[in-house]
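This report concerns only the one structure given below.
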Amino acid sequence: MQTGVLCVLRATAASWWRHKELRRTGQTGQALQLERETVLRDLGYLKQAASLPNAHVICGEGGTFLHLGWTTVSTFAPIERFPLATLAVARGTPFIDIRPVTDVIAFARLPRVARDGSVDPDPCGSGRSVSLTAYIDMVEALGARIANDPRPLQSI
Numbered sequence: 001m002q003t004g005v006l007c008v009l010r011a012t013a014a015s016w017w018r019h020k021e022l023r024r025t026g027q028t029g030q031a032l033q034l035e036r037e038t039v040l041r042d043l044g045y046l047k048q049a050a051s052l053p054n055a056h057v058i059c060g061e062g063g064t065f066l067h068l069g070w071t072t073v074s075t076f077a078p079i080e081r082f083p084l085a086t087l088a089v090a091r092g093t094p095f096i097d098i099r100p101v102t103d104v105i106a107f108a109r110l111p112r113v114a115r116d117g118s119v120d121p122d123p124c125g126s127g128r129s130v131s132l133t134a135y136i137d138m139v140e141a142l143g144a145r146i147a148n149d150p151r152p153l154q155s156i
């Protein structure tokens with residue numbers, strides 16, 4: 001594991017208000033234990049982001065979401081203020097920036113990304129899901145920006 005990743009995760013955990021409050025009240029041991037647990041949890045999220053077929057980060061006006069199959073880690077902040085998502089993207093997780101999308105109705109009507117990598121045989125109806133690459137095709141058509149694109153390169 002890169003020491004830079006650990007440094008970012010440790011600094012993030014130490015900056016949490018709850019951990020700061022524990023230190024302020026002299027409960028340094030408990031603060032350190034909670035910070036270790038936080039770092040280990042976040043390392044697990046980064047490993048999942050690297051290994052799951054449909055893992056991705058999506059950022060919009062409502063915040064940033066790290067989708068990990070059946071688990072989602074989110075914040076109301078943009079990706080620039082969400083170190084875990086920034087690290088995941090830096091390590092190669094696909095990133096979908098929907099902030100440029102102006103047609104919110106069309107975006108809301110898009111199917112969801114399949115959580116486990118499978119695809120519904122009939123992608124219609126309220127619970128429909130598609131592969132991550134199909135979803136990226138759809139949001140890109142609406143104006144989203146894509147980084148770490150998992151789609152195969154297309155020759156023109």
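The sequence shown begins at 1 in the working numbering and counts up by one. All residues carry an ideal CB built from backbone N, CA and C; glycine is no exception. This one's a predicted model, so the numbers in the text were calculated from it and none came from an experiment.
C-alpha distance - residue i paired with residue j, whole-angstrom precision
| i | j | result |
| --- | --- | --- |
| Leu110 | Val57 | 16 Å |
| Leu22 | Val8 | 20 Å |
| Gln48 | Gly26 | 35 Å |
| Val139 | Gln30 | 44 Å |
| Phe65 | Phe107 | 16 Å |
| Gly63 | Arg18 | 22 Å |
| Pro152 | Ser129 | 20 Å |
| Pro150 | Glu80 | 22 Å |
| Thr12 | Thr102 | 32 Å |
| Pro94 | Arg24 | 39 Å |
| Ile146 | Cys59 | 11 Å |
| Pro78 | Glu61 | 8 Å |
| Val5 | Arg41 | 13 Å |
| Trp16 | Thr71 | 22 Å |
| Leu52 | Ser74 | 17 Å |
| Ile105 | Val39 | 38 Å |
| Thr3 | Ser131 | 33 Å |
Residue from the options with nearest C-alpha to residue i
| i | options | result |
| --- | --- | --- |
| Arg91 | Thr12, Pro53, Asn148 | Asn148 |
| Thr133 | Ala114, Leu142, Gly143 | Ala114 |
| Ala88 | Leu43, Val101, Ile136 | Leu43 |
| Leu142 | Val130, Pro150, Ile98 | Ile98 |
| Leu68 | Arg36, Glu80, Ala85, Ile79 | Ala85 |
| Phe96 | Thr38, Ile136, Ala50 | The sequence shown places Ile at residue 96, rather than the Phe named in the question. Of Thr38, Ile136, Ala50, the residue nearest in Cα terms is Ile136. |
| Leu46 | Gln33, Pro83, Thr28, Ala11 | Pro83 |
| Arg112 | Ala144, Pro78, Thr75, Asn54 | Asn54 |
| Thr28 | Val39, Val104, Ala14, Arg41 | Ala14 |
Which residues DSSP lists as bridging residue i, in chain order
| i | result |
| --- | --- |
| Val113 | Val130 |
| Ala147 | Phe95 |
Residue i and residue j closer than 8 Å at C-beta
| i | j | result |
| --- | --- | --- |
| Glu35 | Arg10 | yes |
| Ala144 | Pro100 | yes |
Check: residue i C-beta below 7 Å from any heavy atom of the ligand SAM
| i | result |
| --- | --- |
| Ala85 | Among the components of this structure there are no ligands whatsoever, and the ligand SAM is therefore not found. |
CB contact check: residue i to chain B, cutoff 8 Å
| i | result |
| --- | --- |
| Leu110 | No chain B is present in this structure, which holds just one protein chain. |
Practice item. Enumerate, from N- to C-terminal direction, the unbroken alpha helix (DSSP H) stretches of 4 or more residues contained entirely within the stretch 38 to 102. Key: Restricted to the stretch 38 to 102, the alpha helix (DSSP H) segments that are unbroken, complete and at least 4 residues in length are 83 to 90, listed in chain order.
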